[in-house]
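Trainee: Please find one structure pasted underneath; my questions will follow.
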Amino acid sequence: EEWLELMGFHTESLAPGIQARAAPELSAVPGVIEGAMELDFLNFADRKPIPAYTGVDVQQEVVARLLDLNPDRFLVVTDEAVEKHHESYLDALGATGIPVHKIVLPCGDQCKSMQHLQRLIDWSFES
753 EEWLELMGFH TESLAPGIQA RAAPELSAVP GVIEGAMELD FLNFADRKPI
803 PAYTGVDVQQ EVVARLLDLN PDRFLVVTDE AVEKHHESYL DALGATGIPV
853 HKIVLPCGDQ CKSMQHLQRL IDWSFES
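Under my numbering, the first residue of the sequence shown carries the number 753, and numbering increases by one thereafter.
Structure follows, in structure tokens:
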């Protein structure tokens, strides 16, 4: 339950009899060398810290962790600047046969619009 609290969820609101599952151990991801990515926390004002993974040359581990989720599809949301420099970073996901959809938003405050939010919501309800 601690990891839920770190993410800002109130665990006291869990229904009786429902227990939060513990976050998986980093070494539990198949094919991933333990320790390549490091756990860090982002701190924003008065909010609880948000866990974030960082590392150098960790592309294979990122892909392995995403595939370990057993998704039926992927949505990659990025902005124009990141897309310009890292366009093919997650191409390995598409090679697995799992559909990958990418939405590239404008940089900065331009991406904060109802139009862009609606686009993301629409994608989530597509079959």
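Backbone N, C-alpha and C define an ideal beta-carbon position, used for all residues, glycine too.
1) Just list the residues that DSSP pairs D874 with in beta bridges.
2) Count Cβ pairs between the stretch 822–838 and the stretch 796–810 that sit closer than 8 angstroms; are there 3 or more?
3) What's the gap between the Cα of D809 and the Cα of T848?
4) So, helix, strand or coil for K833, using DSSP?
5) Compute the beta-carbon to beta-carbon distance between I890 and L872, rounded to the nearest angstrom, for a pair I have assumed lies under 8 angstroms.
6) Over what stretch of residues does the beta strand (DSSP E) that includes E790 continue unbroken?
7) Which residue's Cα is closest to the Cα of V834: L857, G846, I850?
8) Tell me, which residues are paired with Y805 by DSSP?
Mentor: So, to answer that:
1) According to DSSP, which records beta bridges pairwise, D874 is partnered with nothing at all.
2) In short, these stretches do not touch, since the Cβ pair count stays below three.
3) Those two C-alpha atoms are separated by around 21 angstroms.
4) Reading the sequence as shown, one finds Ala at residue 833 and not Lys. The three-state secondary structure of A833, taken from DSSP, is helix.
5) Examination of residue 890 is not possible in this model, given that the chain is present from 753 through 879 alone.
6) 790–794 is the span of the beta strand (DSSP E), which, as asked, contains E790.
7) V834 has its Cα closest to that of L857, out of L857, G846, I850.
8) DSSP output for Y805 lists L791 as bridge partner(s).
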